[in-house]
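First residue of the sequence shown: 921, per my numbering; consecutive thereafter.
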Amino acid sequence: MSTIIDGKAFSANLRADLAKKVTILKDKHNITPGLAVILVGEDPASQVYVRSKGKQTAEAGMNSYEHKLDESTSQEDLLALIDKLNNDADVHGILVQLPLPKHIDEFTVINAVAAHKDVDGFHLSNVGLLSTGGEGIVPCTPLGSTMLLKDQLGNLSGKKAIVIGRSNIVGKPMLALLLKESCTVTIAHSRTQNLEDECRQADIVVAAVGIPEMVKGDWIKPGATVIDVGINRIEKEDGSTKLVGDVDFGTASEVAGAITPVPGGVGPMTIACLLHNAVQQACRINGIEMDDLA
Ligand code: NAD
């Protein structure tokens, strides 16, 4: 059986460490990191995410500013709010919850957030910095996945990795992060041929596809480390539902050296990394070295 990578415990430690840093920022520098979250509309999943983000932000001792806007809010009004937050010195991070209603252009909105407050790491300037090895803001889910990998394996240099999925929010930034760690990376997607064979070559498998339990145990090289980013709700035979990943945990956990479960693997890392990014930006904006807050 594989080692189960406990993202819940890792993220709890990360949040506890951030809370200590926040206390030092308050006591020594009179700065309280502030995270603003904007939710447009009533999407139920988004409402759940926004609630947990607000709760965990407050638990870390940070200021949480929630802006809930009506589904019919115009793009102009949303951009005006973002502009106000961009210029608010108490706000160090701004997150616009996606997806947005259809009449609002996501690209315009994402790039209206000031790059140094873009705690999602989706602004073109942060995307460019990540792919050129610069110091920008790294998207939360790939950042959390990389933290788990480094904690599990130590140095990733020279390892062969496959990222399944090429989305802008997970697959592509994951590719950039693994390259930065000097892995040899294959990125696979819906048109990839012989995916199973590609997968069997990899020491590290990152699955971010959105297809329940797609990656089977016999796709995994014995001893490989598997990071399952997928979150899929499926119906059980009795009509109730459960969450599963993009990896078939039952068969994969018999072959892999280590594997993240769903839930309790990558999922909890995403909000912890959001808080990390907000504290990091509060430090950077004020010229403070985050690592010195100990
Ligand atoms: P997406 O739909 O934007 O991208 C999916 C990718 O998978 C695409 O690049 C596509 O080419 C690829 N793909 C589709 N079918 C494939 C196939 N048969 N073989 C190989 N590749 C295939 O999805 P996303 O936003 O990147 O999310 C991926 C998964 O990760 C989803 O389950 C999502 O819920 C989950 N997710 C989890 C977190 C988290 O916090 N843990 C955050 C973001 C996304």
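We put the CB at the ideal spot given by N, CA and C, even for glycine. Owing to the predicted nature of the structure, the values given are computational and were not obtained by experimental measurement.
- Rounded to whole angstroms, the separation of the alpha carbons of VAL960 and VAL968 is 13 Å.
- Of LEU1018, CYS1203 and PRO1093, the smallest CA-CA separation from ASP963 is found for LEU1018.
- When the Cα atoms are used, MET1189 and HIS1196 turn out to be separated by approximately 10 Å.
- For ASP1010, the closest of ALA1214, ALA1198, THR1180 and GLY954 by C-alpha to C-alpha distance is GLY954.
- Per DSSP, GLU1118 is one residue of the alpha helix (DSSP H) stretching across 1115 to 1120.
- Under the 10 Å beta carbon count, THR1066 is surrounded by 16 or more other beta carbons and is classified as buried.
- Here ALA978 is exposed. Its C-beta has fewer than 16 other C-beta atoms within 10 Å.
- With a 10 Å radius around the Cβ and a threshold of 16 neighbouring Cβ atoms, ASP1038 comes out buried.
- Relative to the Cα of MET921, the nearest Cα in the group ALA1176, ILE1140, GLY981 and VAL942 belongs to ALA1176.
- Nearest Cα to PRO1132 within the set VAL1182, CYS1193, LYS948 and LEU1068: VAL1182.
- Residue side-chain check: ALA1128 places its Cβ nearer than 7 Å to a non-hydrogen atom of the ligand NAD.
- At a Cβ-Cβ threshold of 8 Å, GLN1121 and LYS1080 count as neighbours.
- A residue is called buried once 16 or more other Cβ atoms fall within 10 Å of its Cβ, and HIS1012 is buried on that count.
- Within the model, the alpha-carbon separation for LEU938 versus ARG1111 is close to 41 Å.
- Collapsing the DSSP output to three states places ASP1008 in coil.
- In this structure, the alpha-carbon of LYS1162 lies about 28 Å from that of ILE958.
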